[in-house]
Each structure stands twice: as C-alpha cells, then as structure tokens.
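Residue numbers (this note's numbering), protein chains in the order written: chain A, 1 to 311; chain B, 312 to 622. Cβ atoms here follow ideal geometry from the backbone N, Cα and C, with glycine treated the same way. Note that the structure is predicted; figures quoted are calculated from it, not measured. Here the structure comes first, spelled out in structure tokens, and everything after it is commentary.
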DNA sequence: TGATATCAATAGATAATAGCTATCAAAAGG
DNA sequence: CCTTTTGATAGCTATTATCTATTGATATCA
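Here you go:
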C-alpha cells in the first residue's frame, strides 16, 4: 500500500471513471488501472466492480474510501506541519545565558529579535557555563551565550563580541583618581569575586594573576551574583571587576559605585572576554544561528567590540 | 511521501538509532538513511539531528511523528477492513426475489445460509422481475432469484431448479376426478391470473395457450398476489395455476383448495419454470454466487427438479 | 596517546516498479 | 453494422528503492 495508490483509489471512487481519474492524477489510464489492481491484489479484496459502462465501489471499497480519506488528510497534515516549520527564522528557541551576561543582554536581545525575527519565540535559561553546556549537549537547549571556549568537540561557536573588564570600587576609593587602570592597581586583599563555577570569576582572576595566591583571605565572601558583589562594593567591602556591559544603565552611580576601564596594552589587548554563541555542531538550525549572531553583532553597544574579521 | 517512508521515520524516531531502526524495518541502514533524507528533502525540514553518538527528533519531527502514527493507524485500519471482507462467504448481501417464489423459499433459505454461511447476512426485496432487474443493474441488489431469462447482457445467471406448475381448484370441482391434468383440461373462462408484470402470469398463459384470447372476460379480476387468487379459488371463483412449491405447508387443504400436477410430456417436459440466481456479470462476488447456488441445489424439496447437468 | 569500535553517510551497482504508448476486447448506441 | 467508449493487456523505459562495500567522524579503552 502506498499514499499514491490511495489517492488513485480515491480519484476513481470519486469520478467513477478510470480515464477521468487518471487525468485528475496526471497519469495515464493504464498506469492507474494497474495500480488499482495491485492495491486490490495486496488487500485481497475487490475495490471496484467495473464494466465498460460503470465503475462502482464495492462494500469494502466504500468502507476503505472513508479510511483512505482520513489517511490522506493525515498526509496533508504532515506537509502542513513541515511547511509551518520550514522557515529557519521561525519557531521556538531555548537559549542559555550565563548570569554575568543575561541581565544585560536579554532586554536588547528581545527587542532585536522582536524586530528582525518576528516569528521567532525566545525563551531563556540563566545558569553557569558547565550546566548550560550539559543542557546544550543533551538537547535541552538550542543554543547558549557563553564567554568561554566550549569544552566539547560536539559544540560549535560563533564569536559575538569582546567585552572589556572594568574595575568597580566605592566612591572616594583611591583608584578613583585614575581614569584608566592597570591590573596591578588592584589590591588582592580587597578583591571580591563571584563564587566558583562562574567563568567570570576565573577570568577576573586571570587578569589579576598577582592576586591568585593572596586571595585566600576572601574565601568566605564569595557572592553568587554580580548584584551582591556590587552591593558589597558599595558598602565598602572591597573592589571587584565587572564586565563592561554591567556599567550601563546608571545602577552603579545610584549606589555610589564607580567604574573605570583598564588601559589597553600596546597591542590593543585589554583585559576582556570573548562572548560567543554556542550550539551543537549537529544543530539543524545553523542558519538561524548565523542569522542570530549576525543580528547581534550588527548592532553592538559602544562598550563592547566586534570581533576582528580575520578571526 | 510514502507510507513506507513514514514507517522508517517512526522506527528511527522510536529507536533513536538508524541501524536498529533498519533492522526493525528489514532493510539495510544505508537504505533507511537515504529514505529519511529523501523525506526530509521533500518536506523541506530536518526531522532528525544526527551525530555519531545520538539521533534526536527535532521540534518538527516530534510534531510529525504524532501525525505519522495517526496515518499508519489509518493504513492498518484499511488492511483490517480488507481482511474482514476478504472471506467471500461473509458480509451482507441483498437478494431480490419475485413474489411467486419469495414466501416459499425465504424460510428454508434463511435456515440454510444460517447453517452453511454463518457469516453471511441476507436481506430481501420482494418485487416483480422488471424492477428487480433494474435494481440489480443499478447495484441496489447483489443478486436476485428470478424465473425468467435475464433480459440484459450485463446479467449472468446460474440455474437453480425447475419448478412444475400445478392446477388449483375448489373442492368438488370436476377436475378433482383426475390425478394428473393436461393443459386442455383448464377452462379459459374459469382461469384466474395474477396482475400484469408477474412473470408467472405470462408463464401460466403460455401453458394454457388456448386461453390467451378467451381470457378477456377475467380482465377485471386480476389479483396482485397468489394469496388473493387462492382465496378466490377457495370461494369458487375459478381455477388457477400455482408453482409447485406453493402446494407445500397444508395451507391449501385448510382452505379447501385442491391441487393437481400436470402430466409430463413424453420427453419429460411438463409445464414448469426454471428458477435462477441472477447477478451482474461484473459482480465481485461470483464466488459467493456459486457457493450459494450450489447450497440451494444441494438440498432441493422433492416437488422441484434439479437442472440436468449438461445445461 | 594511539588502537578499536561505533555509527551515519556516501559510492556504485542492481533489482523492483511505476510509468508510458499502442492495442485489444467488450459493450452501447446510432 | 459500424463507431464510440472504456477498462484491460502487452511490451518497453525511466525511476527509484535497495543492496554491499566503504568512508569519515566520534567516542572508548588500553
């Protein structure tokens, strides 16, 4: 049995005429006759009672016609479903974002996709890098925005932008006197860090390499969110590093926290992290990933830098 | 698209493994891969996200899987329906019978089919030959039991039996003195006939050929049923011919009507009619027709005669 | 780290089949 | 009696589903 055979069958049943049915199916009459015969042989029943003058459905034929219509409707539903999903820039997409990026990027991301991909429905999961990669690999996420090279070879990445680090300290702090800082300006004793697992903790530490060994004193004050750390900074508990985009929006000034960029090195390499769109190498939505990354990099905020093309 | 493709698709979706799915479908893995790819191309969507380590349904794939199951269920329903109708000796059959046969044959017919074809459901239409032939040709009937050669070449017949004619007259009638009659014994003035359209009317007249022209006197007393005629006979209104089987059951004796057979001619040809099973030449139920006619002739009542084999 | 195992995809050849044109055979109608 | 209609048949071709053998890419294990 075959969907084509069923459509031939329906055509004959509805026209009561092999020739006209063949025309409707865009095949020759002998072809159609042969296929009907094949179907009858396969089912072991006679579907039509034929004579030169008339073609009449048998009792089984009538019964089967009803079911055949149902089956063909199902086939049409499959085509419809496929059609509805054939736009690569449409549908639902579940995006994981690390906590040091999520709050800053989600509003603009939603605005941008609403504008450029009106048929796309985004949902978000905010978690740390490792759990996000796990979810990505298991299929629980379609993509993630991360700030590290993906660990697994099954994952693919598209660079989005480089985001410099800034130092944040309370108003009146000695660092406020300089417009640009260097890593050594940070006093390891003062440095506040996110809890382990946050990639930004490791990145901040690698900027302040001199602080690694001496930071043990702060072991008991590791905050689980940027928000908490900045509150600690505002309260005068220390200084910290924050990603550039976290300086936006005026929240810092309100709480009396001051932020300063670092001086760029001669080669233009300041302290920064590379933010990437990550997804399974096997993802069927590569096209969407490319479109999405391009849309993001097309309209970057001034505080971050597009990735140089040759990379 | 194709029912086979859909079953391949379902197999892969359910095993998440091309090799095992291929095994389940009894085809090679490359075959299955190719067909899935073809299906994806045709639908314009990716159904599976494949890697060496895992095969995962996409969102469209999940949606389509549900519909595909529905479609396959429909295909199974078609096969089931065909299976249920594949026994040629089962199902419903609508049988037309002329009024001068119906009352005598229906009880034994029902008993016989109930015994020999328990899966067969008979229903009956009692009418005169012409309307029955029309219904037969239009498909409103599956078969008919008639006593005439079918008029249309589209109809086929199987002889069942030859049924002699008997004369019926009131108790004390002069004919009662003879044990066997000849046609000329019938007085045209007395002959009562069924109304026009009944084949038995014409057959009775052809037996009493001498009565044809002289029967005009009875023109106003044509009864529409054998029952009525016999009541007239019982009341002394005349004599009539009846088919042999109408003499069964004791009803005649109760009403004081006497029946006598005719003498057979030297060649064994008495006055009689041939009763046949008639159906469309194109009928898909030829097998049932043969079985049915054989079952009827296998167990004829003593008053009728099997049709000689050479005919 | 290198060897092995796993698994889907690809290549190339073959078998099955759906398709065509031309023709036939039966029946109906003028 | 001839013509028309219509489904079935015959013979051939194009398509395609299928096979085996192999590749290439990962993952696993020693």
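Going by DSSP, what residues sit across from residue i in a beta bridge?
i, result
"residue 437 (chain B)", "B:408"
"residue 534 (chain B)", "B:505"
"residue 470 (chain B)", "B:587"
"residue 49 (chain A)", "A:56"
"residue 569 (chain B)", "B:480"
"residue 121 (chain A)", "A:92"
"residue 146 (chain A)", "A:276"
"residue 305 (chain A)", "A:162"
Once DSSP output is grouped into helix, strand and coil, what is the label at residue i?
i, result
"residue 507 (chain B)", "coil"
"residue 320 (chain A)", "For chain A, the structure presents residues 1 to 311; residue 320 (chain A) sits outside this window and is missing."
"residue 169 (chain A)", "strand"
"residue 91 (chain A)", "strand"
"residue 285 (chain A)", "coil"
"residue 32 (chain A)", "helix"
"residue 84 (chain A)", "helix"
"residue 551 (chain B)", "strand"
"residue 366 (chain B)", "strand"
"residue 491 (chain B)", "coil"
"residue 329 (chain B)", "helix"
"residue 164 (chain A)", "strand"
"residue 132 (chain A)", "helix"
"residue 564 (chain B)", "helix"
"residue 315 (chain A)", "Residue 315 (chain A) is absent from the structure shown; chain A starts at 1 and stops at 311."
"residue 338 (chain B)", "coil"
"residue 10 (chain A)", "helix"
Short of 7 Å in beta carbon distance, which residues of its chain neighbour residue i, apart from the five on each side in sequence? Order them along the chain.
i, result
"residue 437 (chain B)", "408, 410, 413"
"residue 300 (chain A)", "161, 306"
"residue 339 (chain B)", "333"
"residue 588 (chain B)", "454, 456, 468, 469, 471, 600, 603, 604"
"residue 544 (chain B)", "479, 480, 481, 503, 550, 551, 568"
"residue 13 (chain A)", "57, 61, 65"
"residue 396 (chain B)", "402"
May I have the straight-line CA-CA distance separating residue i from residue j, to the nearest angstrom?
i, j, result
"residue 248 (chain A)", "residue 227 (chain A)", "13 Å"
"residue 57 (chain A)", "residue 32 (chain A)", "16 Å"
"residue 512 (chain B)", "residue 52 (chain A)", "35 Å"
"residue 554 (chain B)", "residue 23 (chain A)", "54 Å"
"residue 303 (chain A)", "residue 251 (chain A)", "16 Å"
"residue 597 (chain B)", "residue 466 (chain B)", "12 Å"
"residue 308 (chain A)", "residue 5 (chain A)", "58 Å"
"residue 79 (chain A)", "residue 61 (chain A)", "26 Å"
"residue 496 (chain B)", "residue 481 (chain B)", "15 Å"
"residue 444 (chain B)", "residue 83 (chain A)", "53 Å"
"residue 111 (chain A)", "residue 319 (chain B)", "42 Å"
"residue 152 (chain A)", "residue 139 (chain A)", "14 Å"
"residue 1 (chain A)", "residue 385 (chain B)", "12 Å"
"residue 564 (chain B)", "residue 534 (chain B)", "21 Å"
"residue 459 (chain B)", "residue 59 (chain A)", "28 Å"
"residue 566 (chain B)", "residue 63 (chain A)", "50 Å"
Sorted by chain position, which residues of the same chain lie with C-beta nearer than 6 Å to residue i's C-beta, five sequence neighbours on each side aside?
i, result
"residue 197 (chain A)", "128"
"residue 190 (chain A)", "238, 239"
"residue 203 (chain A)", "273"
If I measure Cβ to Cβ from residue i and keep anything under 8 Å in the same chain, skipping five residues before and after, which residues do I get?
i, result
"residue 574 (chain B)", "491, 492, 493, 581"
"residue 245 (chain A)", "101, 104, 105, 163, 301, 303, 304"
Going along the chain, which residues of the stretch 364-375 of chain B sit with their C-beta nearer than 7 Å to a C-beta in chain A?
-> From the stretch 364-375 of chain B, only 367, 369, 370, 371, 374, 375 have a Cβ closer than 7 Å to chain A.
Residues of the stretch 578-612 of chain B with a CB closer than 9 Å to any CB of chain A: list them in chain order, please.
-> So the close ones are 591, 592, 593, 594, 595, 596.
Compile a chain-ordered list of the residues in the stretch 402-415 of chain B whose CB is closer than 9 Å to at least one CB of chain A.
-> So the list reads 402, 403, given in the order they occur along the chain.
Residues, ordered as in the chain, of the stretch 542-572 of chain B that lie near chain A by beta-carbon distance below 7 Å = Cβ contacts with chain A: none found.
Can you give me, in chain order, the residues of the stretch 7-22 of chain A that have a beta carbon less than 9 Å from any beta carbon in chain B?
-> Look at the stretch 7-22 of chain A: it has no residue with a C-beta under 9 Å from a C-beta of chain B.
When Cβ atoms are compared, which residues of the stretch 341-363 of chain B fall closer than 7 Å to chain A?
-> Listed by position along the chain: 354, 355, 356, 357, 360, 361, 362.
Residues of the stretch 67-83 of chain A with Cβ closer than 8 Å to any Cβ of chain B, in chain order | Sequence-ordered contacts of the stretch 67-83 of chain A with chain B read 67, 68, 70, 71, 74, 75, 77, 78, 79, 81, 82, 83 [C-beta pairs closer than 8 Å].
May I ask you to list, following chain order, the residues of the stretch 126-160 of chain A that have a beta carbon less than 8 Å from some beta carbon of chain B?
-> Going along the stretch 126-160 of chain A in chain order, one finds 139, 154 with a Cβ nearer than 8 Å to chain B.
For the stretch 483-511 of chain B, which residues have a CB atom closer than 9 Å to at least one CB atom of chain A, in sequence order?
-> Taking 9 Å as the Cβ-Cβ cut-off against chain A, none of the residues of the stretch 483-511 of chain B qualify.
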